[in-house]
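To start, the structure under review is shown below, and the notes come after it.
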Amino acid sequence: MTDGLDTLMRGTFPPVAVDDGAAARIVSATMARAQQLDQRPDWRHVLQGLIRPGFLLRYAMPMAAAALCGLVFAETLAPRAVSPLDSYSVFAAGYQ
Amino acid sequence: MKGRQDGGAGDDGLLRAVAEGDHRAFRTLMERHVPILLGFAARVLGSPHDAEEVVQEVFVKVWTGAGKWQADGGARFSTWVYRVTLNACIDRRRLKRPEPLDQADELADSAPGSLDQAMARQRQDIVLAALQDLTEAQRAALSLHYFSQLSAPEAARILNLSVTAMEASLIRGKRALKAALKRRGIENLGDIQ
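Respectively, the protein sequence lines represent chains S and P. Letter by letter, the first sequence follows residues 1350 to 1445 in the numbering used here. Letter by letter, the second sequence follows residues 10 to 202 in the numbering used here.
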């Protein structure tokens, strides 16, 4: 039994012909996209791998220690600040 | 309510396999739902080409979000996939929105039948907006009933419902849809036919 709503709905959205191969096309295209998505690296997993305790002990902590040593060493090699008077004396000594 | 027995695993089992990256399960799930979803989307969009794109996007979403969907629990896959498809169709319609109806006088002059098309489109928008007011189960039942060529028992099978539950859902859904249309100023359904 159809009522006003049925008539309205069927008139508002009439059936649309879809060709027979369309469903198969969608399945193959979507399978192809799923395979592409599988091959893309998942950055969340990569990050999770990086922050594992093993990674921290083996790589991250030695790298941080090396970076700290580098900073301390660079600091010791950096020229110390000299006062204007000192530079004047150096200049004066050279001039003589 | 029993799960589907045809084709071996039910949707939930297939979806669990899809969440673990099982391509064969994904293909089975698609072969089960794509033909009907395609007719459904084509009817809502009025374009088989757009429907193909929408259904493909929906299943890419299924592939990438299968694990998450399981974690959400609750809704059945079939109910969920019809809702997602309907929403994707509504979004697609918004993207392809033509001139507003208040500029339709110019349209009427420019091309024969343009005004009729614009009015039909507005009518569709009203009905789709009214459908959004329904509960998920009612919307799925009504959408399948009106936008697919399926009989009530077939639609019930897809939604994993008994025929009685499907019919009850349809009756409640129709009542709710009429009320939603009334709230949008459509008192007499014959007015907008």
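Ideal Cβ positions, reconstructed from N, Cα and C, are used throughout, including at glycine.
Alpha carbon of residue i to alpha carbon of residue j, nearest angstrom
i	j	result
leucine 1417 of chain S	glutamine 1385 of chain S	42 Å
arginine 1359 of chain S	aspartate 1368 of chain S	21 Å
threonine 1379 of chain S	methionine 1412 of chain S	44 Å
glutamate 40 of chain P	aspartate 21 of chain P	15 Å
alanine 1372 of chain S	valine 69 of chain P	15 Å
arginine 101 of chain P	leucine 54 of chain P	8 Å
lysine 105 of chain P	methionine 128 of chain P	15 Å
alanine 1423 of chain S	alanine 1383 of chain S	51 Å
Limits of the alpha helix (DSSP H) - the one that residue i falls within
i	result
asparagine 96 of chain P	86-104
leucine 137 of chain P	123-140
proline 44 of chain P	32-54
glycine 1360 of chain S	1353-1361
threonine 144 of chain P	Taken as a continuous stretch (DSSP letters only), threonine 144 of chain P belongs to no alpha helix (DSSP H), as it is neither H nor E.
glycine 182 of chain P	172-192
serine 1377 of chain S	1371-1388
leucine 1324 of chain S	What the structure shows of chain S is the stretch from 1350 to 1445, and residue 1324 of chain S is not part of that stretch, so it cannot be assessed.
alanine 28 of chain P	20-28
isoleucine 167 of chain P	161-167
Pick from the options that is closest to residue i, judged by C-alpha positions
i	options	result
threonine 1361 of chain S	P:Val67, P:Ile135, P:Glu66	P:Ile135
glutamine 147 of chain P	P:Arg130, P:Gln131, P:Leu170	P:Leu170
glutamate 145 of chain P	P:Leu124, P:Gly182, P:Trp72	P:Gly182
arginine 130 of chain P	P:Thr88, P:Ser56, P:Phe86	P:Ser56
valine 94 of chain P	P:Asp142, P:His42, P:Leu124	The question names valine, but residue 94 of chain P in the sequence shown is threonine. Minimum Cα distance to threonine 94 of chain P is reached at P:His42.
leucine 179 of chain P	P:Ala189, P:Lys191, P:Ala161, P:Arg166	P:Ala161
asparagine 96 of chain P	P:Ala60, P:Trp72, P:Thr73, P:Ser123	P:Ala60
tryptophan 89 of chain P	P:Val67, P:Ile99, P:Thr73, P:Arg103	P:Val67
arginine 103 of chain P	P:Gln133, P:Asp125, P:Tyr91	P:Gln133
Contacting residues, own chain, Cβ-Cβ under 8 Å from residue i (five flanking each side not counted)
i	result
leucine 1405 of chain S	none
arginine 193 of chain P	Ile135, Ala138, Ala139
Same chain, Cβ closer than 7 Å to residue i, five either side skipped, listed in chain order
i	result
lysine 77 of chain P	none
phenylalanine 35 of chain P	Val27, Trp72
Close beta carbons around residue i, own chain, < 6 Å, minus the five adjacent residues each side
i	result
leucine 24 of chain P	Ala75, Phe86
message = With three or more C-beta pairs closer than 8 Å as the rule, is the region 152-163 of chain P touching the region 48-62 of chain P?
response = Yes, the region 48-62 of chain P touches the region 152-163 of chain P.
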